[in-house]
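Colleague: Protein chains in written order, with numbering that gives the first Met the number 0: chain Z, 0 to 76; chain G, 0 to 564.
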Amino acid sequence: MVVSVMELEEGKTAKIIEIQGGHGMQNQLRSIGILEGKDIAVVTHHPFQGPIVVKVDRKMISLGRGLACRIMVEMTS
Amino acid sequence: MGNPNVGKSVVFSRLTGTHVITSNFPGTTVDYSQGATCLGRERVFIIDAPGTYSLDPTNPAEEVSLRILNEADIVVNVLDATNLERNLILTLELLSRNVPLLVVLNLWDEAAHTGIEIDVSRLQELLGVPVIPTVAVTGEGIAELASYFSQDVPVPEQKNYSDEEKWVMIGQITREVQTITHRHHTLRDLISDITIKPITGIPVAILVILVSLWAVIFIGEACITYITDPLFELYLPIITQLSEFIGPGFIHQILIGELVDGGIDFEQSMGILTTGLYVPFGIVLPYVIVFYILAALLEDSGYLPRLATLTDTFFHRLGMHGYGIVPVFLGLGCNVPGILATRVLETRKQRFIAATLIAISIPCMAKTAMIFGTIGQFGFLYILLVIAVLAVVYITIGMILSRFIHGECPEIFLEIPPYRTPRLNMVLKKTWMRIVAFIAEAVPYLFLGVLLVNILYATGFLAWLGTVLAPLIVGWLGLPEEASGALLTGFLRKDLAIGMLLPLDMTAQQMVVAVTTLTMYFPCAGAFAVLYRELGFSGMIKSVIVMATTAFFVGGIMRFILIGI
């Protein structure tokens with residue numbers, strides 16, 4: 000099932016399959032290490048529309064919701 | 000050159016012996032620094048370029064980098080060894096530039112520590128350029144790097160890839176040279192988890208902030224009592240002699256100011272050489288130093304990005320993002336460095352909101368002292384009331400500004416580094432450089448402020464404005480007419496205004512209204528001047544309009560609630 004990383008539960012891992020958005024947005028995310036084909040894990044969701052903290056290649060990254068909802072992942076059940 | 004935050008500046012300072020700081024604040028190195036070093040008989044000039052993710056410039060720092068690149072004889076590309084994959088994109092772009100290239104794998108020790116192994120000779124083959132592992136903070140590998148400067152560094156074979164091909168290449172290279180061994184969860188990981196998850200992280204963050212503020216007040220006061228006050232005691236006889244030498248007159252008024260009970264009072268005389276020196280160096284600087292040390296500790300330990308993440312939910316609603324906490328924190332010491340620190344925010348809109356909100360509702364040490372000094376006599380609840388009003392105003396005005404000002408509000412997007420033990424010499428060096436910058440950037444403005452008050456006072460402008468505004472203060476704020484003088488003096492000097500408010504014999508409610516209005520409606524002259532510097536003339540005027548409107552609007556509402564009609 001393909002969902003955005005926002006919908007992934009805390010502690011779950013999934014594979015990134017697509018980064019939606021313009022060229023600039025894609026490169027911004029890629030340059031910090033969020034690329035298609037990588038596994039992404041959700042460390043924590045901050046409540047009240049706060050940011051989401053993810054882990055890619057053991058790097059922790061804080062993302063705003065607007066960015067996170069563009070990262071589409073494939074859930075491996 | 001290299002990505003942001005990989006240690007370029009540390010490599011640079013190792014090579015040249017220059018003091019450059021490392022910083023997690025984005026964009027520390029927007030201006031480049033250059034230095035020279037001697038190799039054998041030759042002098043080599045080295046330029047430290049601002050951090051850049053790609054050669055496709057998206058911000059001013061990256062444009063500077065590109066300009067530097069075009070003039071370089073040899074390019075040293077610094078990479079974060081713990082982050083090979085993402086750093087290589089810039090390396091591949093540099094390979095297509097037809098310049099001699101050296102690749103430095105910095106943070107080599109940390110990579111080894113986290114279980115990342117990189118096959119240097121294989122990477123060298125694949126890239127076709129020399130690769131040197133280094134640990135810049137200790138100096139490891141720097142000598143080897145320097146030895147390349149005297150050799151002929153070959154120009155790499157020019158390769159041009161499309162964006163897609165680059166990512167494929169990078170995937171191949173990393174798979175081939177990098178082995179990651181699994182590592183068990185350590186105590187650091189545990190602390191990292193505790194401090195980033197909201198349920199545990201928010202209490203920790205509150206604790207950290209409270210402890211920091213307590214430390215600032217405690218250490219700051221100790222510095223004033225034991226260091227700066229004794230120094231100014233030594234200075235007093237000298238300046239008193241000068242005062243007698245000059246004699247009364249206009250020059251005395253400007254340089255020394257008013258004599259209080261026949262002598263010089265550093266807090267009230269208002270001369271450039273008395274109050275003008277005492278306020279920035281005697282009172283503000285000690286607090287600023289402690290604030291800077293704490294900020295450097297939070298930054299170097301890796302806690303700051305976590306704090307920024309935790310506070311992002313709040314600041315995002317006000318049009319900023321989590322880094323908005325940095326200027327607020329510094330602003331509690333003195334609004335001047337607070338407003339300067341709004342540079343950590345990316346867009347003009349964000350900086351305007353951050354700076355305006357600091358000026359309105361973040362009381363600096365002088366303002367806090369004023370609040371306690373005037374209202375303390377009526378009980379702690381009234382102080383709490385003022386603080387609560389300031390907090391509500393901060394949030395409300397922030398939400399309003401973020402809705403109505405044009406411009407973008409980029410979201411939080413930052414890497415959370417592993418916890419590191421801060422290195423004392425780095426913390427001290429960083430604090431020192433920031434203090435020097437503070438003195439150079441802020442102190443002249445504080446001087447200018449004192450000069451301005453003197454002139455406005457001497458020409459009777461303030462008294463005139465007082466009579467013009469008196470109806471507003473009596474009718475709208477419900478204060479005695481004499482309070483208008485105090486409010487106007489507070490236009491430029493908050494601490495002086497206390498002395499004028501106290502003898503007016505106002506009720507607790509009136510005092511609360513007066514002090515809250517006074518706190519909000521205008522920053523001190525120094526903060527006013529940096530607002531001009533950071534926001535430009537039109538930005539400053541807008542900011543001042545927001546402040547004055549807010550202060551009188553909120554003051555009026557408080558009057559109707561607290562005092563009645």
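Positions of the beta carbon are idealized from the N, C-alpha and C atoms, including for glycine.
1) Within the same chain, show all residues whose beta-carbon is closer than 7 Å to that of Glu17 (chain Z), passing over the 5 residues directly before and after it, in chain order.
2) With a threshold of 16 other CB atoms inside 10 Å of the CB of Leu233 (chain G), please say whether the residue is buried or exposed.
3) Would you mind giving the Cβ-Cβ distance between Val74 (chain G) and Val103 (chain G), rounded to the nearest angstrom? I have them listed as a contact below 8 Å.
4) So if DSSP puts Ile415 (chain G) in a beta bridge, which residue, or which two residues, is it bridged to?
5) Please report whether the beta-carbon of Ala47 (chain G) lies at a distance below 8 Å from any beta-carbon of chain Z.
6) Along chain G, in chain order, which residues have C-beta atoms closer than 9 Å to that of Ser61 (chain Z)?
7) Could you tell me the distance, in whole angstroms, from the CA atom of Ala507 (chain G) to the CA atom of Phe371 (chain G)?
8) Would the segment 149-167 of chain G count as touching the segment 88-102 of chain G if we require 3 or more Cβ pairs under 8 Å?
9) Counting pairs of Cβ atoms below 8 Å between the segment 259-271 of chain G and the segment 311-331 of chain G, do you hit three or more?
10) Would Ile282 (chain G) and Ala365 (chain G) qualify as a contact pair, given that the criterion is a beta-carbon distance under 8 Å?
11) Count the other CB atoms within 10 Å of the CB of Trp166 (chain G); is the residue buried (16 or more) or exposed (fewer)?
12) Taking C-beta pairs closer than 8 Å, name the residues in chain Z that His112 (chain G) reaches, listed in chain order.
13) For Val325 (chain G), decide whether its Cβ has a neighbour in chain Z, counting only Cβ atoms nearer than 8 Å.
14) Assuming Met369 (chain G) is part of the alpha helix (DSSP H), what are its boundary residues?
15) What distance in whole Å lies between the Cβ atoms of Gly32 (chain Z) and Gly2 (chain Z), which are believed to be in contact at a cut-off of 8 Å?
16) Is there a Cβ of chain Z sitting closer than 8 Å to that of Ile208 (chain G), yes or no?
17) Quick one: list the residues of chain G neighbouring Gln19 (chain Z), beta-carbon separation under 7 Å, in chain order.
18) Does DSSP put Gly34 (chain G) in a helix, a strand or coil?
19) Quick one: list the residues of chain Z neighbouring His315 (chain G), beta-carbon separation under 8 Å, in chain order.
20) Using a Cβ cut-off of 9 Å, pull out every chain Z residue sitting near Tyr520 (chain G), in sequence order please.
21) If you count every other CB in all the chains shown that lies within 10 Å of the CB of Arg558 (chain G), and 16 or more means buried, which is it?
22) Any C-beta of chain Z sitting closer than 8 Å to the C-beta of Glu84 (chain G)?
23) Once the 5 residues before and after Cys616 (chain G) are set aside, which same chain residues still bring their CB inside 7 Å of it?
24) What's the gap between the Cα of Ile67 (chain G) and the Cα of Asp162 (chain G)?
25) Are Ser61 (chain Z) and Pro50 (chain Z) close, meaning C-beta to C-beta below 8 Å?
26) Short of 7 Å Cβ to Cβ, which residues in the segment 34-46 of chain Z face chain G?
27) Relative to chain Z, which residues along the segment 69-102 of chain G have a C-beta separation below 9 Å, given in chain order?
28) Check for me: the alpha helix (DSSP H) holding Phe460 (chain G) runs from which residue to which?
29) Round the Cβ separation of Val215 (chain G) and Phe290 (chain G) to the nearest angstrom and send it over; I've been treating them as touching at under 8 Å.
30) Comparing C-alpha positions only, which one of G:Leu534, G:Ser483, G:Asp192, G:Ile386 sits nearest to Phe551 (chain G)?
31) Which residue wins for smallest C-alpha separation from Phe148 (chain G), given the options G:Leu384, G:Val385, G:Ser211, G:Ala35?
32) Spatial neighbours of Thr199 (chain G) within its chain, please: C-beta separation below 6 Å, excluding the five flanking residues on both sides.
33) Roughly how many angstroms lie between the CA atoms of Asn82 (chain G) and Thr15 (chain G), to the nearest whole one?
34) Three-state secondary structure (DSSP) at Ser95 (chain G)?
35) Which whole-angstrom value describes the C-beta separation of Ile411 (chain G) and Gly20 (chain Z), a residue pair presumed to lie in contact below a C-beta threshold of 8 Å?
36) By alpha-carbon positions, which one of G:Thr341, G:Pro49, G:Ser300 ends up nearest to Val5 (chain G)?
Modeller: Looking at the atomic coordinates:
1) Only Glu35, Met71 meet the Cβ criterion.
2) By the neighbour-count criterion, in which 16 or more other beta carbons inside 10 Å mark a residue as buried, Leu233 (chain G) falls on the exposed side.
3) Between the beta-carbon of Val74 (chain G) and that of Val103 (chain G) there is about 11 Å, and that puts the pair past the 8 Å contact cut.
4) Looking at the DSSP assignment, Ile415 (chain G) forms a beta bridge with Z:Met59.
5) The sequence shown places Asp at residue 47 (chain G), rather than the Ala named in the question. So, not an interface residue.
6) Under the 9 Å cutoff, chain G gives Ile195, Pro304, Arg305, Ala307, Thr308, Asp311, Gly321, Ile411, Phe412, Leu413, Glu414, Ile415.
7) CA-to-CA, the gap between Ala507 (chain G) and Phe371 (chain G) works out to about 13 Å.
8) Taking one beta carbon from each stretch, the segment 149-167 of chain G and the segment 88-102 of chain G have 3 or more pairs nearer than 8 Å; the two touch.
9) At 8 Å Cβ cutoff, the stretches do not touch.
10) Against a cut-off of 8 Å, the Cβ pair of Ala365 (chain G) and Ile282 (chain G) comes out as a contact.
11) So Trp166 (chain G) counts as buried.
12) Taking a Cβ-Cβ threshold of 8 Å, none of the residues of chain Z is close to His112 (chain G); the smallest such distance is about 12 Å.
13) Taking Cβ atoms only, chain Z never reaches closer than 8 Å to Val325 (chain G), which makes this a no.
14) Note, Met369 (chain G): alpha helix (DSSP H), 364-374.
15) Residue 2 (chain Z) is actually Val in this sequence, not Gly. For a cut-off of 8 Å, the C-beta gap from Val2 (chain Z) to Gly32 (chain Z) is around 21 Å, too long to register as a contact.
16) The beta-carbon of Ile208 (chain G) is placed no less than 8 Å from the nearest beta-carbon of chain Z.
17) Chain G residues near Gln19 (chain Z): none, gap ~15 Å exceeds 7 Å.
18) It is a strand residue.
19) What His315 (chain G) touches in chain Z: Gln48, Gly49, Pro50, Gly63.
20) Near Tyr520 (chain G) there are no residues of chain Z at all, since even the closest Cβ is about 32 Å away, more than 9 Å.
21) That one is buried.
22) Interface residue, yes.
23) Given a span of 0 to 564 for chain G in the structure shown, any question on residue 616 (chain G) remains unanswerable.
24) When rounded, the distance between both Cα atoms is 23 Å.
25) Taking 8 Å as the Cβ cut-off, Ser61 (chain Z) and Pro50 (chain Z) qualify as a contacting pair.
26) Residues passing the 7 Å Cβ filter: Leu34, Val42, Thr43, His45, Pro46.
27) Against chain Z - using a Cβ distance shorter than 9 Å - the residues of the segment 69-102 of chain G are Thr81, Asn82, Glu84, Arg85, Ile88, Leu89.
28) Bounds of the alpha helix (DSSP H) holding Phe460 (chain G) are 460-470.
29) Right, the Cβ-Cβ distance comes to about 6 Å (below 8 Å), so this counts as a contact.
30) Closest option to Phe551 (chain G), judged by alpha-carbon separation, among G:Leu534, G:Ser483, G:Asp192, G:Ile386: G:Ser483.
31) When each option's Cα is compared against that of Phe148 (chain G), the closest is G:Ala35.
32) So the qualifying residues of the chain are Ile193.
33) One C-alpha to the other measures close to 26 Å.
34) Ser95 (chain G): coil per DSSP, three-state reduction.
35) A Cβ-Cβ distance of about 17 Å is found for the pair Ile411 (chain G) and Gly20 (chain Z), leaving them out of contact under the 8 Å criterion.
36) Relative to the Cα of Val5 (chain G), the nearest Cα in the group G:Thr341, G:Pro49, G:Ser300 belongs to G:Pro49.
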